[in-house]
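Enquirer: Right, I'll just put the structure down here and ask away after.
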Amino acid sequence: MKPYKWDRETDVVVLGFGGAGVAAAVTAHDLGAEVLILEKAPEGHHGGNTRIAAQGYLNTSDADQAATYLEALCGPYKVPDEMIRTWAQEMCLNNDWVRELGGDPQEHQHQPEGIEYPELPGATCVHKFHDGPTYGYSFTWQRFESFVTERDIPVLYETPGRELIQDGETREILGVRAEKDGKSVLIKARRGVVLTCGGFENNQEMIRNYLPGVSHCYPSGTPYNEGDGIAMALSVGADLWHMNNFAGPSMALKVPEYPATFSIQALHFAKEYPGGMIIVGPDGRRFYDEKFKHRHGKVPINGVWSPMHVPTPMFMVFDQDMMSAAPLYNKNPNRGWTPIISQYDWSDDNSAELEKGWIKKGETIEELARIIGLDPAALAATVARWNTQVAAGEDADFGRKLMLSPLAKGPFYAMELSPSMINTQGGPRRNEEAKILRPDGRPIPRLYSAGELGSIFSYRYQGTGNIGECLAFGRIAGRNVAAETPLS
Ligand SMILES: Cc1cc2nc3c(=O)[nH]c(=O)nc-3n(C[C@H](O)[C@H](O)[C@H](O)COP(=O)(O)OP(=O)(O)OC[C@H]3O[C@@H](n4cnc5c(N)ncnc54)[C@H](O)[C@@H]3O)c2cc1C
């Protein structure tokens, strides 16, 4: 083995302090391993998507049903049987684990969309939990975080992993090159490394290369997930999987001043909202039922669940009634990076956002079209058609049932909408032992992963499945890395 001048050594290095990192680090620690967590974000911005998620995690009630359901969710995008079986068994143990560590699992009371694909076999295994009496507001994350902080598990903030150090002959992972204040830090991992550094939600080049149907897309969650784990794993010979699967797109406001998207009230499916509103694409025409209840960005097209069509630039066009009804931004802060971390204070009458240019205004539809760069005649025709259909009581084009109000009262407004997503599911391929695999199916020795970085979800997604998977595969990675024979 080539001699390295290590700056620090430990048994296990975990890259990323989110849900999967917690489960892996705590499990390895409790089995007697010395563990160090490296986190890219500064303290307070750590926790990844887990911190700002809706805070639900999946605990399945029956392993056989869970296996049936996951297999059905994956559909034609098959996942190996051993992975399905392992996932199904371990997902039933999430509550036990949280409880054993002092947590307080509570089943969601109001979950109208609890089972995301109730029509699939095995779906009744789904049970969504959070920690403590209140749902949202980072509470589940705070419990997970406490599992780390109450143990002797050091966390180095603002210390991103940059490179895995691999033995040239054995291909074993020996440690990590991280970066602190612009300087390299070499950390030896005597037992192994666990990659839990999230997906590529904030890496536009990877988004262009890997995600179907979007030329760009922005995170509603952490901006620190930039695909680093994918780059590091590729460099040591890992295979990738599920790179084209993501929980999106939805449509939201993205402005340069803030790193994550703003969710817009009127776009919440199944809710009425005052005023007239349509969404148009670059040709000035509507392209779908604006209030359709997609399933984490997927819609049925010819019997196949596909990412929603998002022709950019898209504009939400609305009237004075909507403008003066309430803040357009959903100020409910129980999830999302913008409300929980950025805490942007949207003005009650939307005037500050009009002033900033986030909302554009025109006295007529034609004037508005000119301001936002659309063909005035096309937009005017679309609005006229919408108003005629609303008067007749039927959206003959897309069958929209909610908010059937005309764009009647000027002035008129527009807000550019961007594709937004919750997370990506792709990353290095892992096996049932949470080991990262090479394209020939052999594990890269001493390299593990968990969480959304190479998630098991290959096609359809069950809400709360991601954090559930963080816990399940985090524990598996933690157990197996702790059992490795230490390097001398
Ligand atoms: C608004 C929203 C709501 C959601 N709601 C739910 C929900 O209720 N239930 C559910 O199951 N899922 C939900 N999800 C998805 C879920 O939050 C994530 O998939 C899951 O939390 C991912 O956990 P993780 O540990 O894999 O990654 P993360 O929690 O994202 O953690 C990754 C960590 O790695 C760090 N990192 C990145 N690069 C490096 C590097 N080079 N070195 C070191 N550290 C690095 C990041 O800063 C981050 O702290 C939601 C997501 C969003 C955005």
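Going by our numbering, the residue at position 136 of the sequence shown is 168; the numbering climbs one at a time, nothing skipped. Built from N, CA and C at the ideal position, the CB exists for glycine as well. Computed from a predicted structure; not experimentally measured.
1) What separation, rounded to the nearest whole angstrom, lies between the Cα atoms of Pro244 and His341?
2) Entirely within the region 124-176 and at least 4 residues each: give me those alpha helix (DSSP H) ranges in chain order.
3) If you measure between the beta carbons of Ile499 and Ser252, is that distance less than 7 Å?
4) Can you tell me whether Met309 is helix, strand or coil according to DSSP?
5) Quick one: Cα of Gly442 to Cα of Asp351, how far?
6) Examine ligand 1 and report whether any of its heavy atoms sits within less than 6 Å of the Cβ of Glu71.
7) Given the structure, does Asn498 come close to ligand 1, in the sense that its CB is under 6 Å from one of the ligand's heavy atoms?
8) What ranges does the alpha helix (DSSP H) occupy inside the region 213-271, keeping only unbroken runs of at least 4 residues that lie completely in it?
9) Suppose only complete runs of 4+ residues qualify. What are the alpha helix (DSSP H) ranges in the region 60-90, listed by chain order?
10) Are the region 75-86 and the region 46-54 touching, with three or more C-beta to C-beta distances below 8 Å?
11) To the nearest angstrom, how far is the alpha carbon of Arg317 from that of Leu90?
12) If I measure Cβ to Cβ from Gln97 and keep anything under 7 Å in the same chain, skipping five residues before and after, which residues do I get?
13) Do Pro518 and Arg223 have their C-beta atoms closer together than 7 Å?
14) Since Phe161 contacts Gln141 with CB under 8 Å, what's their CB separation in whole angstroms?
15) If you run the structure through DSSP and keep just helix, strand and coil, what is Gly506?
16) Helix, strand or coil: how does DSSP classify Phe179 here?
17) Spatial neighbours of Val67 within its chain, please: C-beta separation below 6 Å, excluding the five flanking residues on both sides.
18) CA-CA distance, Pro144 and Phe430?
19) Once DSSP output is grouped into helix, strand and coil, what is the label at Gln198?
20) Let's test the definition: count the other Cβ atoms within 10 Å of the Cβ of Pro433 and tell me whether it reaches 16, buried, or not, exposed.
21) Using 8 Å as the cut-off, can you tell me whether the region 98-110 makes contact with the region 167-178, which would need three or more C-beta pairs spanning the two stretches below that distance?
22) Output the residue ranges of the beta strand (DSSP E) runs that lie fully inside the region 407-486 and measure 3 residues or longer, sorted by chain position.
23) Is His274 near ligand 1, in the sense that its beta carbon is under 6 Å from a heavy atom of that ligand?
24) Can you tell me whether Arg240 is buried or exposed, with buried defined as 16 or more other CB within 10 angstroms of its CB?
25) Need the endpoints of the alpha helix (DSSP H) that Asp353 sits in, please.
26) Bridge partners for Met346 per DSSP, in chain order?
27) On the three-state DSSP scale, how would you describe Leu299?
28) For Val349 and Pro359, I'd like the C-alpha separation in whole angstroms.
29) Span of the beta strand (DSSP E) holding Glu41?
30) Is His341 near ligand 1 - that is, is its Cβ less than 6 Å away from at least one heavy atom of it?
31) Can you find a heavy atom of ligand 1 that lies under 6 Å from the Cβ of Gly50?
32) Beta-carbon separation of Met435 and Glu304 under 7 Å?
33) Count the CB pairs spanning the region 265-280 and the region 484-494 that are closer than 8 Å, and state whether there are at least three.
Expert: Answer, in terms of the structure:
1) 10 Å
2) 126-132
3) no
4) strand
5) 6 Å
6) yes
7) yes
8) 236-242 and 260-267
9) 80-84
10) yes
11) 40 Å
12) Gly154, Thr156 and Cys157
13) yes
14) Between Gln141 and Phe161 the Cβ distance is about 11 Å, and since that is not below 8 Å, they are no contact.
15) helix
16) helix
17) Val44, Ala57, Ala60, His61 and Ile185
18) Low local confidence applies: a pLDDT of 48 at Pro144 is under 50, so the model's placement there is unreliable, with the coordinate-based value given in what follows. Looking at the two C-alpha atoms, the distance is approximately 24 Å.
19) strand
20) Checking the sequence shown, residue 433 turns out to be Lys, not Pro. Result: exposed.
21) no
22) 444-453, 467-469 and 475-481
23) no
24) exposed
25) Gln352 to Ala357
26) Leu449
27) helix
28) 15 Å
29) Arg40 to Leu47
30) no
31) yes
32) yes
33) yes
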